[in-house]
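Asks: Here the protein sequences come in this chain order: A and G. Under the working numbering, the first residue of the first sequence is numbered 1, with each subsequent residue one higher. Under the working numbering, the first residue of the second sequence is numbered 1001, with each subsequent residue one higher.
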Amino acid sequence: MGGHFRLLLQVAFRNLFTSKINLLIGGIIFLGTLLVVVGGALLDSMDSAMSRSIIGSVAGHIQVYSDDSKDELGLFGNMGGEPDLAAVDDFSRIKPVLEKHPNVKTVVPMGTNGALITSGNTVDLTLARLRDLYKKRAEGGETPALRENIDSLKAHVRQMVAIMEEDLAKSRELLSDTARTPEERESLARARSEAFWDGFEQDPFSALEFLENRIAPQIPDGDMLYLRYAGTDLDRFQSTFDRMEVVDGQPVPHGQRGMLLSKFFYEEYLKLKTARRLDMIKQERELNKKTIAADPQLQRWVKENQTQTREIVFQLDPIKTRQVVERLQKVLGSQEPKLEKLLSSFLTTDDANFDTRYAQFYAELAPLLELYRLRLGDSLTITAFTRSGYVQSVNVKVYGTYQFKGLEKSALAGALNLMDLMSFRDLYGYLTVDKKAELVELQKQSGVKAVARENAEEALFGEESGNNLVADATPGLINDQESLRGAMDSLRRDDLTKRVYSQAEIEQGVVLSSAIILKDPEKLQQTMAELRQSAKDAGLKLRVVSWQQAAGLLGQFVMMAKLVLYAAVFIIFIVVLVIINNAMMMATLQRVREVGTMRAIGAQRSFVLGMVLVETLLLGLVFGAGGALVGSGIMAALGHVGIPAGNEALYFFFSGPRLYPSLSAGNLIAAFIIVMVVSAISTLYPAFLATRVSPLQAMQTDE
Amino acid sequence: MTLKNLLSAAVLTVALLSAPAALALEPAEMVKLLATIDDRQRNGGDYKALIYLEQKEKDKTDAVREAFVYRRDADDKLMILFSRPKTEAGKGYLRLDKNLWSYDPNVGKWERRTERERIAGTDSRRADFDESRLAEEYEPSFEGEGKLGKYTANMLTLKAKQGVDVAYPVIKLWVDKESTNVLKREEYALSGRKMRTLLYPRWKKLFSESKGADVWFPEEIRIYDEVEKANSTVILIKSIDLRSLEANLFTKAWLESKSR
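What follows is the structure, encoded as structure tokens:
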């Protein structure tokens, strides 16, 4: 038997390189293995890159939240908005229970929510700043610096009014006189008059109210912004999630209130629109290799930059306007005195001048402009409808911007801003026992009876209602001063922004969920089951989910992406299989004559079958190994230099601007086995056919 | 048929035919009716009320508040200043010209809001607290007569006049025939969708020195949200005080000073 096999091996080796057809098949096996190795490794790398992005950004390996929740947790948002979660009343109660598990490394408290942010228009905002300055003057007296600020802002407002009047004149030409009511025109004329500004200082607050109520509403309202935020223990968050990095500004100081805006959100929604469009054009040109000449989207941005110069014009006070005009005249070599026209021609960009203009914009104009509607270090006023039904506003200082590495281009992840847990709780509006008691007392005093809508009319107006439609009121004297004074005392609060909270204060209170980082992520399922059990034992109603479930829309997106990738690799496998199979069939059928001859000189069927099989396996072994080797080489090289993400969509799959794929032994072995098995199977049938051929038939076949 | 019979038949026919016509209100009468409703609630001078506001929403505890409402009807000025619970104290709304400003002392910011603003997040709107301006803002048409419990009401449909900014462009009004008080009010969006239903079961009157006549006010307003069906609001006007108010009350500075 051994001698038999040795003979077969000898034959196989001899045939390995002598037969042309074998070389061809070898080549196919080589390529097939290469494809399977590279495809499989790339798929695994992308899979783990995407998972890492989510685990390392907010989700952790496991998320825990209240089992009373109506919706499922969606850290990156769900279809149809913010999920409806029940609160975990006290994080400090669940933390020890979770941390007790030997596989749990860290537990991070969090909660996500959203709020609409409204801001007035540019005139509103400028007037609000001026009002603040006058208030400061009324409280602390006038200083030269304050005077200078007030005068500069006043000049700015005057300039705005002048621009508005120019617009009015223009719209009169276009739309006859219908655009503005007589009162509006009259107010505008008054705000333009010398008399108004001469008398401004005598009663600045009245003058401001006139501008606020009559002038500011004449230009369109400011934007409304939807702000999504995650409240968390920021210190612990930063040390736990390795994908999070501060981009501009600084982290929120230890234990203090504050926010980090997502870099994506900050750029997309708070940047001066002209600058944002320039950035977008630059990105499209560089990253996605588009040109202004060919791409309609880029052309639209250029057009918008040319026409929508109002945001810049309105922003500048008279001194800065003059500076901008001078700089633009120099850059453009023009004598044009009107800022609007200069801006429009400066922003008329094409593929030839774009890079220069972009650089000039940031070098010459940007220093004179407010590039962002909110500067880092300023406070953002967030107003939320709380769970208790009250509207709550909080000023939160924005310390900087951050991003999640690998998710920097993702609009879903980029929508999430980070906030301290104290501000989050204020906006969430959890009712303490004291507050609840106060409300119950108020309600009791009112004596209001609940009337269901279904029978409201009958209950209020019906014969049985006993209602008296008309009655005389007792003349009452309302002492509002007295009742307000008592109530307002509670408003004298300490300065919240400077207060440093202790770890205990941060942890004792409401959270919506907690992220858990594991020591050994391989034991995810087991740990989840054990955590469920220990929560149950401790009497806590908690839901324990994996990061993929917790990530909401983004989690579903990863799942989809994985399915697509696996489908792609599966198709590659099938194609490889079919090609190898065909080649083998052809090769074996080619050898019908040879087989016939061998059978005629006494070769057994089993010998022939063995011969063909051994030959194929050897072929697979040698060329498969070659393919696997070259494949590993390619992966090693790619792992070293990285694959650049050629367009924005790939950023997500690659978890960053470059993917550094790695090859595991598993990938290699899997590829190897697949190729060998496919080769063997696809040889078996033709080989079997060949042995069925009688020597006579075989010799009669044409060459 | 005798002449007498014929005549009486004719009289009867005329009487029958003209009966509905006699019940229907002429446009001029309707405008007068609205003007009466408006005028009865207006005080010539100032007006101050202590109100209670209760909001019910699905799966939430009731949100309750007390507030002071100040009006200076002569200049169309309005201020709502919340006093209780403590966390709400100092928050307020101020209507100046056509601007509705909202103020929150926690953040020290003024924001301009629209007519559709849900006052303090409830189902009430600015107009529910303000002087009634139906005749000025709407064109009425007559819809017939109807029963509402034990009361008989004239039903009117009001459409907002061109260029007037109101929260809802179409209103259906049930006005008690006997007392000329509004009993029920339905409000519709431009699309025809019903948005709110308001019921006014109790009206009170108080003699005003400055007006030289009675000032009427609804002691209780029940508001049912027709979009979010589980939501409803109750407004109680607990007492009113018609003495004149501080001259500079309707300014941003005054409201700010309350929380400083």
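Beta carbons: idealized from backbone N, C-alpha and C, even for Gly.
1) Where do the N-terminal and C-terminal ends of the beta strand (DSSP E) with Ser513(A) fall, by residue?
2) Name, going along the chain, the residues of the region 1051-1077 of chain G whose beta-carbon falls closer than 9 Å to a beta-carbon of chain A.
3) Can you find a C-beta in chain A that's less than 9 Å from the C-beta of Ala1021(G)?
4) Would you say Thr1036(G) lies against chain A (beta-carbon separation less than 9 Å)?
5) Against Pro475(A), what residues of chain G qualify as contacts under a CB-to-CB distance less than 7 Å, listed in chain order?
6) What did DSSP end up calling Pro1169(G) once you bin it into helix, strand or coil?
7) How would you write the range of the alpha helix (DSSP H) that Glu1145(G) sits in, first residue to last?
8) Tell me whether the beta-carbon of Asp242(A) lies closer than 9 Å to the beta-carbon of Gly429(A).
9) Under a CB-based cut-off of 9 Å, is Phe461(A) close to chain G?
10) Output yes if chain G places a C-beta closer than 9 Å to the C-beta of Leu491(A); else output no.
11) What is the rounded straight-line gap between the Cα of Lys562(A) and the Cα of Val324(A)?
12) Quick check on DSSP: helix, strand or coil for Asn305(A)?
13) With 9 Å set as the bound, which would you pick, yes or no: does the beta-carbon of Asn1043(G) sit closer than that to a beta-carbon of chain A?
14) So, do the region 1238-1246 of chain G and the region 497-516 of chain A have three or more beta carbon pairs nearer to each other than 8 Å?
15) Would the region 426-440 of chain A count as touching the region 1082-1092 of chain G if we require 3 or more Cβ pairs under 8 Å?
16) Pull up the CB-CB distance for Val545(A) and Leu73(A), whole angstroms please, since I reckon it's below 8 Å.
17) If you drop the 5 nearest sequence neighbours on each side, which residues of the same chain put their C-beta closer than 7 Å to that of Gly610(A)?
18) Which of the three DSSP states is assigned to Phe1068(G) in this structure?
19) Quick one: which residues of the region 1110-1130 of chain G get their C-beta closer than 8 Å to a C-beta of chain B? List them in chain order.
20) Using a beta-carbon distance cut-off of less than 7 Å, what residues from the region 1220-1237 of chain G approach chain A?
21) Using a Cβ-Cβ cutoff of less than 7 Å, which residues in the same chain neighbour Asp520(A) once the five nearest sequence positions on both sides are dropped?
22) Taking beta-carbon pairs under 9 Å, can you tell me which members of the region 1078-1091 of chain G lie near chain A?
23) Going by the DSSP bridge assignment, what does Gln549(A) pair with across the sheet?
24) Determine, using beta carbons only, whether Thr33(A) and Ala671(A) come nearer to each other than 9 Å.
25) Would you call Ala1247(G) buried or exposed, if buried means 16 or more other Cβ atoms sit within 10 Å of its Cβ?
26) To the nearest angstrom, how far is it from the Cα of Leu1199(G) to the Cα of Thr1036(G)?
27) How is the beta strand (DSSP E) around Gly231(A) delimited, first residue to last?
28) DSSP puts Val108(A) in a beta bridge; with which residues?
29) Which same chain residues, not among the five before or five after Ala708(A), have their C-beta less than 8 Å away from its C-beta?
30) When the Cα atoms are used, what is the spatial distance from Ile382(A) to Leu421(A)?
31) With a threshold of 9 Å between beta carbons, is Phe200(A) in contact with chain G?
32) Classify Asp1225(G) as buried or exposed, calling it buried when 16 or more other Cβ atoms lie within 10 Å of its own Cβ.
33) The region 365-394 of chain A: which residues have C-beta closer than 9 Å to a C-beta of chain G, in chain order?
34) Rounded to whole angstroms, what is the Cα-Cα separation between Leu168(A) and Lys271(A)?
35) List, in order along the chain, the chain G residues whose C-beta lies closer than 9 Å to that of Thr118(A)?
36) May I ask you to report which of helix, strand or coil DSSP gives Glu205(A)?
Replies: Well, looking at it:
1) As a working note, residue 513(A) is residue 513 in the first sequence. Counting along the chain, the beta strand (DSSP E) containing Ser513(A) begins and ends at Ser513 to Leu518.
2) Here the close residues are Tyr1052, Glu1054, Gln1055, Lys1056, Glu1057, Asp1059, Lys1060, Thr1061, Asp1062, Ala1063, Val1064, Arg1065, Glu1066, Phe1068 and Tyr1070.
3) Here residue 1021(G) corresponds to residue number 21 of the second sequence, with the count starting at 1. A caution first: Ala1021(G) carries a pLDDT of 45, below 50, which makes its placement in the model unreliable, though a value can still be read off. The beta-carbon of Ala1021(G) is placed no less than 9 Å from the nearest beta-carbon of chain A.
4) Residue 1036(G) sits at position 36 when you count from the first residue of the second sequence. No, no contact with chain A.
5) Indexing the first sequence from 1 puts residue 475(A) at position 475. Below the 7 Å Cβ cutoff, chain G contributes Leu1206 as neighbours of Pro475(A), in chain order.
6) In the second sequence, residue 1169(G) corresponds to position 169, counting from 1. Looking at Pro1169(G) - three-state DSSP - the assignment turns out to be coil, as it is neither helix nor strand.
7) Position 145 of the second sequence holds residue 1145(G). Premise fails: Glu1145(G) lies in the beta strand (DSSP E), Tyr1138 to Leu1148, not in any alpha helix (DSSP H).
8) Numbered from its first residue, the first sequence carries residue 242(A) at position 242. Numbered from its first residue, the first sequence carries residue 429(A) at position 429. 9 Å or more divides the Cβ of Asp242(A) from the Cβ of Gly429(A).
9) Numbered from its first residue, the first sequence carries residue 461(A) at position 461. Interface residue, yes.
10) Along the first sequence, one-based indexing puts residue 491(A) at 491. Because the pLDDT of Leu491(A) is 46, which lies under 50, any placement of that residue in the model is unreliable, and the question is left without a value.
11) Counted from its first residue, the first sequence places residue 562(A) at position 562. Counted from its first residue, the first sequence places residue 324(A) at position 324. Near 51 Å, if we compare the C-alpha coordinates of Val324(A) and Lys562(A).
12) As a first step, residue 305(A) must be located in the first sequence, where it is residue number 305. Three-state result, Asn305(A): helix.
13) Start at 1 with the first residue of the second sequence, and residue 1043(G) comes out as number 43. False, the Cβ-Cβ gap to chain A never drops below 9 Å.
14) Taking one beta carbon from each stretch, the region 1238-1246 of chain G and the region 497-516 of chain A have fewer than 3 pairs nearer than 8 Å; the two do not touch.
15) Taking a contact to require three or more Cβ pairs closer than 8 Å, the region 426-440 of chain A and the region 1082-1092 of chain G qualify as touching.
16) If you number the first sequence from 1, residue 545(A) lands on position 545. If you number the first sequence from 1, residue 73(A) lands on position 73. About 6 Å separates the two Cβ atoms, so the contact holds.
17) For the purposes of this step, residue 610(A) is taken as residue 610 along the first sequence, with counting starting at 1. Correct list, in chain order: Leu8.
18) For this step, residue 1068(G) is matched to residue 68 along the second sequence. Correct three-state label for Phe1068(G): strand.
19) Going by chain labels, chain B is absent from the structure shown, which instead holds the protein chains A and G.
20) Of all residues in the region 1220-1237 of chain G, only Arg1222, Tyr1224, Ser1232, Val1234 and Leu1236 place a beta-carbon less than 7 Å from a beta-carbon of chain A.
21) Locating residue 520(A) in the first sequence gives position 520, counting from the first residue. Asn103, listed in sequence order.
22) When CB distances to chain A are screened at a threshold of 9 Å, the residues of the region 1078-1091 of chain G falling below it are Leu1081, Phe1082, Ser1083, Arg1084, Pro1085, Lys1086, Thr1087, Glu1088, Ala1089, Gly1090 and Lys1091, in chain order.
23) The residue labelled residue 549(A) in the question sits at position 549 within the first sequence. According to DSSP, which records beta bridges pairwise, Gln549(A) is partnered with nothing at all.
24) In the first sequence, residue 33(A) corresponds to position 33, counting from 1. In the first sequence, residue 671(A) corresponds to position 671, counting from 1. In contact: Thr33(A) and Ala671(A) (Cβ atoms closer than 9 Å).
25) Stepping through the second sequence from its first residue, residue 1247(G) is reached at position 247. So Ala1247(G) counts as exposed.
26) Walking along the second sequence from the start, residue 1199(G) turns up at place 199. Walking along the second sequence from the start, residue 1036(G) turns up at place 36. Going by C-alpha positions, Leu1199(G) is about 19 Å away from Thr1036(G).
27) Translated into positions along the first sequence, residue 231(A) becomes position 231. Counting along the chain, the unbroken beta strand (DSSP E) around Gly231(A) starts and ends at Met224 to Thr232.
28) Locating residue 108(A) in the first sequence gives position 108, counting from the first residue. Bridge partners of Val108(A): Ala515(A).
29) Beyond the ends of chain A as shown, which are 1 and 703, falls residue 708(A); an answer cannot be given.
30) For the purposes of this step, residue 382(A) is taken as the residue at position 382 of the first sequence. For the purposes of this step, residue 421(A) is taken as the residue at position 421 of the first sequence. Going from the Cα of Ile382(A) to the Cα of Leu421(A) covers about 14 Å.
31) The count along the first sequence starts at 1 and reaches residue 200(A) at position 200. So no, Phe200(A) is outside the interface.
32) On the second sequence, residue 1225(G) is found 225 positions in, with the first residue counted as 1. Result: buried.
33) Within the region 365-394 of chain A, the qualifying residues are Ser379, Thr381, Ile382, Thr383, Phe385, Thr386, Arg387, Ser388, Gly389, Tyr390, Val391, Gln392, Ser393 and Val394.
34) The residue labelled residue 168(A) in the question sits at position 168 within the first sequence. The residue labelled residue 271(A) in the question sits at position 271 within the first sequence. Approximately 28 Å between the Cα atoms of the pair.
35) Residue mapping note: residue 118(A) aligns to position 118 of the first sequence, counting from 1. Result: Glu1111, Arg1112 and Arg1113.
36) Here residue 205(A) corresponds to residue number 205 of the first sequence, with the count starting at 1. In the sequence as presented, Glu is not what sits at residue 205(A); that position holds Phe. Here Phe205(A) sits in helix by DSSP.
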